[in-house]
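Taking the UniProt record's numbering, I'd label the letters of the sequence shown as residues 1 to 388.
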Amino acid sequence: MELALSRGAAYVLCALRAAGYEAYVVGGCVRDSLLGRRPGDWDVTTSALPEETKAVFSGAPVIGTGVRHGTVAVLVGGEPVEITTYRVDGPYSDGRRPDSVAFTRSLREDLARRDFTVNAMAWSPETGLVDPFGGVDDLRGKSIRCVGDPARRFQEDALRILRALRFSSSLGFSIEAETAAALRADRARLEKVSAERIAAELVKIVCGTRAPAVLREFPEVVARVLPGWDCDPDALGRAPADPAVRLAMLFSTEADAEAALRRLKFDRATIRAAKALLAFRTAPLAEDRPAVRRMLRKLGPAAFRRLLAMRAAYGEPLAGVERTLGEVLEEGDCWSLDALAVKGGDLLAAGVPAGPELGRTLAALLDAVIDGRCPNERAALLELVPPQ
Ligand code: ATP
Ligand code: MG
1 MELALSRGAA YVLCALRAAG YEAYVVGGCV RDSLLGRRPG DWDVTTSALP EETKAVFSGA
61 PVIGTGVRHG TVAVLVGGEP VEITTYRVDG PYSDGRRPDS VAFTRSLRED LARRDFTVNA
121 MAWSPETGLV DPFGGVDDLR GKSIRCVGDP ARRFQEDALR ILRALRFSSS LGFSIEAETA
181 AALRADRARL EKVSAERIAA ELVKIVCGTR APAVLREFPE VVARVLPGWD CDPDALGRAP
241 ADPAVRLAML FSTEADAEAA LRRLKFDRAT IRAAKALLAF RTAPLAEDRP AVRRMLRKLG
301 PAAFRRLLAM RAAYGEPLAG VERTLGEVLE EGDCWSLDAL AVKGGDLLAA GVPAGPELGR
361 TLAALLDAVI DGRCPNERAA LLELVPPQ
């Protein structure tokens, strides 16, 4: 079986081999290649110790981060390749990270510490695929299965609970029965996982193709990381895979969304976008141009489009509003102060005093244009300004 390696990965394997070490591409890139997907990044696993790896790549820019954990990142023609020494993890006492790691010269031991069988395969041009745990079978059966005893693997590292849900959702795989039972049983351990890691996995879970099934099959796991969630999984599955839209659809109120997303330390823009969607979740939407312009003024084009997509996913017939929105944007209707033909300076010149009055007058003129009571023309607008 051949894998189409990236240039960087091919070079790294070749250089390590030439120096007398074993080297394989491993993990997600092998899984994705076998699925016919283009890997996001290429990871290499090697028998070389970190210092030995650094010596092999002494000519290339080496980012020495993570040397303690055995990872050296090299930049090959601009492409970063992470090279990790074969490793076995020591005991886990905090439910999240091994207390120590030890290097090994055995590829099999390195593969055994990896989370799921589909992530525990390695490949090199000389040996072909190395798959000691049945990863190919599970790829064929579309199954997420722990390497080894699931209960133990989730007890070692609770992040794997969410990774299982994430791969199930994004790859469209189901979770094998014992693995599913163990992750359900161990869900309380999710409290050991940092908010940032939970947030990153959650986005991938809700944006995956199999998100509705995952939410339906593991509600008690989701509740552990998202107290207050309340979601129609089928509607969520019909919505675009836009994080703000899908996160908003996990809640029925702005307050619940804000509390849960803040707790998970989501960035402010995402929280604001999700709240805006919930604020307008049931607001009346009409398809006449003034109504569409008014919504644009409140939300802007991107958020308005997200709102329409979300509400359409809930089953609202919104084709008329979408059509009007297209026309309004295409034809350059004025719906914001930026596009208004009169600026603050014009009003000052017309004698309107600086201060709040100026803002109110501009807003009233914009209202007149949006409602279609006045064309967006300077002279016509200035005529509406009451004499000072
Ligand atoms: P992605 O496509 O998201 O990058 P990936 O499988 O490459 O998926 P990474 O987080 O990049 O995931 O990890 C690379 C590899 O390291 C995984 O394929 C897996 O073999 C191993 N791995 C990562 N995280 C864990 C973990 N928490 N426990 C065990 N093995 C892990
Ligand atoms: Mg990866």
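Backbone N, C-alpha and C fix where the C-beta goes; we use that ideal spot for every residue, glycine too.
- Excluding residues up to 5 positions away in sequence, 168, 169 and 172 lie with their Cβ nearer than 7 Å to the Cβ of residue 210 in the same chain.
- Here residue 209 carries a coil assignment [DSSP, helix/strand/coil].
- The Cβ atoms of residue 87 and residue 101 sit closer than 9 Å to each other.
- Straight across, the Cα-Cα distance linking residue 310 with residue 241 is about 10 Å.
- Inside the segment 72 to 153, DSSP marks whole beta strand (DSSP E) runs of 3 or more residues at positions 79 to 85, 87 to 89, 101 to 103, 122 to 124 and 128 to 130, from first to last along the chain.
- Ranking 74, 50, 70 and 35 by CA distance to the CA of residue 59 puts 74 first.
- Inclusion of residue 28 in the 8 Å shell around the ligand ATP follows from its C-beta lying nearer than that to a non-hydrogen atom of the ligand.
- Within the segment 304 to 381, the complete alpha helix (DSSP H) runs of at least 4 residues fall at 319 to 330, 344 to 349 and 356 to 370.
- Of all alpha-carbon atoms in 331, 144 and 23, the one lying nearest the alpha-carbon of residue 43 is that of 23.
- With a cut-off of 8 Å, the C-beta of residue 112 is classified as distant from the ligand ATP, since no heavy atom of the ligand falls inside that distance.
- Residue 193 and residue 96 have their C-alpha atoms roughly 7 Å apart.
- Ranked by Cα distance from residue 93, the options 153, 365 and 137 are led by 153.
- Contact between residue 248 and residue 277 holds, since their C-beta atoms are separated by about 4 Å, short of 8 Å.
- In chain order, 72 and 83 place their CB closer than 6 Å to the CB of residue 53, counting only its own chain and leaving out the 5 sequence neighbours on each side.
- Looking at 143, 220, 182 and 269, the one whose alpha-carbon comes closest to that of residue 244 is 269.
- Excluding sequence positions up to five before and after residue 231, its CB lies within less than 7 Å of the CB of 215, 249 and 250, all in the same chain and listed in chain order.
- Contact between the segment 345 to 357 and the segment 309 to 329 is absent: fewer than 3 CB-CB pairs across the two stretches fall below 8 Å.
- The C-alpha of residue 19 is placed about 38 Å away from the C-alpha of residue 155.
- Comparing alpha carbon positions, the residue from 176, 158 and 103 closest to residue 138 is 176.
- Here residue 175 is bridged, per DSSP, to 144.
- Residue 63 has 73 as its beta-bridge partners, per DSSP.
- Residue 124 is classed as buried because its beta carbon has at least 16 other beta carbons within 10 Å across all chains shown.
- Here residue 70 is buried, its C-beta having at least 16 other C-beta atoms within 10 Å.
- Counting other Cβ atoms within 10 Å of its Cβ, residue 324 reaches 16 or more and is therefore classed as buried.
- Beta-bridge partners assigned by DSSP to residue 24: 45.
- In terms of CA proximity to residue 12, 45 leads the group 158, 45, 29 and 27.
- Linking residue 34 to residue 5 through their CA atoms gives a straight-line distance of about 12 Å.
- Relative to the non-hydrogen atoms of the ligand ATP, the Cβ of residue 39 comes within a distance shorter than 8 Å of at least one.
- With a minimum length of 4 residues, the unbroken runs of alpha helix (DSSP H) contained wholly in the segment 211 to 240 fall at 211 to 217, 219 to 225 and 233 to 238.
- Assigned with DSSP and collapsed to three states, residue 12 falls in helix.
- Taking all protein chains shown into account, residue 47 has 16 or more neighbouring C-beta atoms within 10 Å of its C-beta and is therefore buried.
- Within the same chain, and ignoring the five residues on either side of residue 195 in sequence, the residues whose Cβ sits closer than 8 Å to its Cβ are 263, 264 and 265.
- The three-state secondary structure of residue 265, taken from DSSP, is coil.
- In the DSSP assignment, residue 246 falls within the alpha helix (DSSP H) that extends over 243 to 248.
- Taking C-beta separations shorter than 6 Å and ignoring five residues to either side along the sequence, residue 188 has no partners in its chain.
- One thing to note: residue 293 has its Cβ within 9 Å of the Cβ of residue 335.
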